[in-house]
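Visitor: Residue numbers (our numbering): 2 to 564.
#1: Which partner residues of residue 372 appear in the DSSP bridge assignment?
#2: From what residue to what residue does the alpha helix (DSSP H) around residue 364 run?
#3: Reducing DSSP to helix, strand and coil, say where residue 188 ends up.
#4: Could you have a look at residue 167 and say whether DSSP puts it in helix, strand or coil?
#5: Within the stretch 469-552, note down every full alpha helix (DSSP H) run reaching 4 residues or more, in order along the chain.
#6: Does the Cβ-Cβ distance between residue 254 and residue 292 come in under 8 Å?
#7: Can the beta-carbon of residue 103 be found less than 8 Å from the beta-carbon of residue 112?
#8: Which residues mark the beginning and the end of the alpha helix (DSSP H) in which residue 65 is found?
#9: Do you know offhand how far residue 106's Cα is from residue 355's?
#10: Taking three-plus beta-carbon pairs below 8 Å as touching, is the stretch 455-462 in contact with the stretch 534-544?
#11: Among the candidates 59, 357, 84 and 79, whose CA atom is the shortest distance from the CA of residue 70?
#12: Are residue 358 and residue 371 touching if we call contact CB-CB under 8 Å?
#13: Is residue 499 closer than 8 Å to residue 480 when the C-beta atoms are compared?
#14: Which residue wins for smallest C-alpha separation from residue 449, given the options 96, 159 and 185?
#15: Could you give the C-beta distance for residue 34 and residue 118, rounded to a whole number, given that I count them as a contact under 8 Å?
#16: In whole angstroms, give me the CA-to-CA distance for residue 558 and residue 264.
#17: Classify residue 123: buried if its beta carbon has 16 or more other beta carbons within 10 angstroms, exposed otherwise.
#18: Looking at the C-beta of residue 287, does it have a partner C-beta in chain C at a distance below 8 Å?
#19: Give me the Cβ distance between residue 37 and residue 51, rounded to the nearest whole Å; I'm assuming they're in contact under 8 Å.
#20: Hey, how far is the Cα of residue 364 from the Cα of residue 275?
#21: Using DSSP's beta-bridge definition, name the partner residues of residue 77.
#22: If contacts are defined as beta-carbon pairs under 8 Å, then residue 266 and residue 306 qualify, I think. What distance do you get, rounded to the angstrom?
#23: Whose CA, out of 304, 335 and 294, lies closest to the CA of residue 322?
#24: Which residue's Cα is closest to the Cα of residue 278: 362, 394, 257 and 215?
#25: Going straight from the alpha carbon of residue 163 to that of residue 219, what length do you get?
#26: Once DSSP output is grouped into helix, strand and coil, what is the label at residue 267?
Following this line, the structure appears as structure tokens:
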């Protein structure tokens, strides 16, 4: 009598029963994947008693070549030994298993995934094994490819993080001594100098500032490559922004004998909703470039608004410089590229300014283009689609920024130092009176200690210096302070942990919170966020200007009731 199957469920196997129905083995050929049946002999060895057409096709055997034989007898060698071992394992465990085996198939090796189930008779005796196999080579290759892609992605992300850490460390290491160079130059300017001495001090300062611009450009470009340009969308006054930019860069243009003209259309809206800091960065790059490559004539900064256009806001920076040849106009937006022609003087710089400009503009959903004629000049045009805003919106945005202690200031291009030889030392009467203000300075660098000391000395503030965070906590616990200037990276204990411990002491003793200002060469947004989260009130990055330090300390003094 033939053998029939009935699925009972579970993973323990399938029970058999007698039936007068058709032989189930005849149904196997209707199954699309490979199916085979082994019968357990009296000697305990499983031998093939059925296999459907796909199974025979995969193995490249005929039915007569496999019937009544074990896997070792059919396949021989390592493949046969492995197959028989799997079959005997299921016999011994009497449980369903799934396994994968490489199987030679023509000129390739296929990966076969097989599920093998035991079958029992009514008495519970194991009589047969039923197996089903599928060629999962393509799935395996896809999974391997996905895994390789994931590994490559992880490695790329690790490389990006390593590069970011490296650049942040390089930036910190450059900014720390740069603060000493620029700070001492600024202090030197406040003394009586002859023309030659002033020229030397200005040359040192401006060279240091040029190096700082390069560092900032490299850091910005790194963020662009990592697609980490963040936008802070708020209402801002574009008219004010353009005026401030022209005022800031005016001395530099004047020093070259150039006129810097603001041309803001009367019918153009004054205010928009967008990232004003990034717009300022773009305008600074374009105007700075125009001044750099123009020897005579003027630079015009124009703003127009074309109602109904896809990108209605137009900011155009035009110059009367040497112009750019048509074949070079696209190249100028590439990283580390400058037009290099015999008739053009190659300017110093990284060649990153316009690459950063294009990336920032495109991140804001806009376009930047250039029109230029050799010998007549160039016009760089930025087109944006910002919603318009009202003056009330702008005031509200500024109030929110002040309330949140927003320190995300626009990029600083400092050309104020380009001045006339007759410039007199700073007027002492203009300095804030900080007499009696108790200031604790946590700074491990001796040069930067000297810069802070000399900048604040005329204010008559009482300064105490410590060289690490642990000393700062101890000094705070022992004294009474109005302001703490805290470096972030110091030996023994960093500024963040020191700030947290100081805030804990204040809470424990129910003290009025002291103003803590980060004074650091760490300038990443994450550093600002970490400082504020640790409990700091403000953030001043190195190299800082004397007026910035005085303004921040004076503001802290006013809020402490000390003026």
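By construction, the Cβ of each residue, glycine as well, lies at the ideal position given by its N, Cα and C atoms.
Guide: Taking the definition as stated:
#1: As a working note, residue 372 is residue 371 in the chain shown. BP columns for residue 372 point to 380.
#2: Along the chain shown, read from residue 1 onward, the residue named residue 364 stands at position 363. Counting along the chain, the alpha helix (DSSP H) containing residue 364 begins and ends at 354-364.
#3: The residue you call residue 188 lines up with position 187 of the chain shown. Note: residue 188 maps to helix in three-state DSSP.
#4: Here residue 167 corresponds to residue number 166 of the chain shown, with the count starting at 1. Here residue 167 sits in helix by DSSP.
#5: Runs of the alpha helix (DSSP H) inside the stretch 469-552: 470-479, 496-510 and 526-535.
#6: The residue labelled residue 254 in the question sits at position 253 within the chain shown. The residue labelled residue 292 in the question sits at position 291 within the chain shown. It is a contact, given that the beta carbons lie within the stated cut-off.
#7: Walking along the chain shown from the start, residue 103 turns up at place 102. Walking along the chain shown from the start, residue 112 turns up at place 111. Contact flag set, yes.
#8: As a working note, residue 65 is residue 64 in the chain shown. Element bounds for residue 65: 64-67.
#9: Residue 106 sits at position 105 when you count from the first residue of the chain shown. Residue 355 sits at position 354 when you count from the first residue of the chain shown. Answer to the nearest angstrom: the Cα atoms are 58 Å apart.
#10: Because the criterion of three Cβ pairs below 8 Å is not met, the stretch 455-462 and the stretch 534-544 do not touch.
#11: As a first step, residue 70 must be located in the chain shown, where it is residue number 69. Here the closest residue by C-alpha is 84.
#12: Residue mapping note: residue 358 aligns to position 357 of the chain shown, counting from 1. Residue mapping note: residue 371 aligns to position 370 of the chain shown, counting from 1. With contacts defined as CB atoms closer than 8 Å, residue 358 and residue 371 fail to qualify as a contacting pair.
#13: Working through the chain shown from its first residue, we reach residue 480 at position 479. Working through the chain shown from its first residue, we reach residue 499 at position 498. Cβ distance not < 8 Å, so residue 480 and residue 499 don't count as in contact.
#14: The count along the chain shown starts at 1 and reaches residue 449 at position 448. 185 is the residue among 96, 159 and 185 whose C-alpha sits nearest the C-alpha of residue 449.
#15: Within the chain shown, the letter at position 33 stands for residue 34. Within the chain shown, the letter at position 117 stands for residue 118. At roughly 14 Å, the Cβ-Cβ gap does not stay under 8 Å, so residue 34 and residue 118 are not in contact.
#16: Looking up residue 558 in the chain shown gives position 557. Looking up residue 264 in the chain shown gives position 263. Rounded to the nearest angstrom, the two C-alpha atoms are 41 Å apart.
#17: Numbered from its first residue, the chain shown carries residue 123 at position 122. Exposed, because fewer than 16 other Cβ atoms sit within 10 Å of the Cβ of residue 123.
#18: This model lacks chain C altogether; it includes just one protein chain.
#19: The residue given as residue 37 occupies position 36 in the chain shown. The residue given as residue 51 occupies position 50 in the chain shown. Confirmed, Cβ separation roughly 7 Å.
#20: Numbered from 1 along the chain shown, position 363 holds the residue referred to as residue 364. Numbered from 1 along the chain shown, position 274 holds the residue referred to as residue 275. Taking the straight line from one Cα to the other gives about 12 Å.
#21: Taking the chain shown and counting its residues from 1, one reaches residue 77 at position 76. DSSP lists no beta-bridge partner residue for residue 77.
#22: Position 265 of the chain shown, counting from 1, holds the residue named residue 266. Position 305 of the chain shown, counting from 1, holds the residue named residue 306. Between residue 306 and residue 266 the Cβ distance is about 7 Å, and since that is below 8 Å, they are a contact.
#23: Here residue 322 corresponds to residue number 321 of the chain shown, with the count starting at 1. Among 304, 335 and 294, the Cα nearest to that of residue 322 belongs to 294.
#24: In the chain shown, residue 278 corresponds to position 277, counting from 1. When 362, 394, 257 and 215 are compared, the shortest CA-CA separation from residue 278 is found for 362.
#25: Residue 163 sits at position 162 when you count from the first residue of the chain shown. Residue 219 sits at position 218 when you count from the first residue of the chain shown. C-alpha separation (whole angstroms): 15 Å.
#26: Position 266 of the chain shown, counting from 1, holds the residue named residue 267. Correct three-state label for residue 267: coil.
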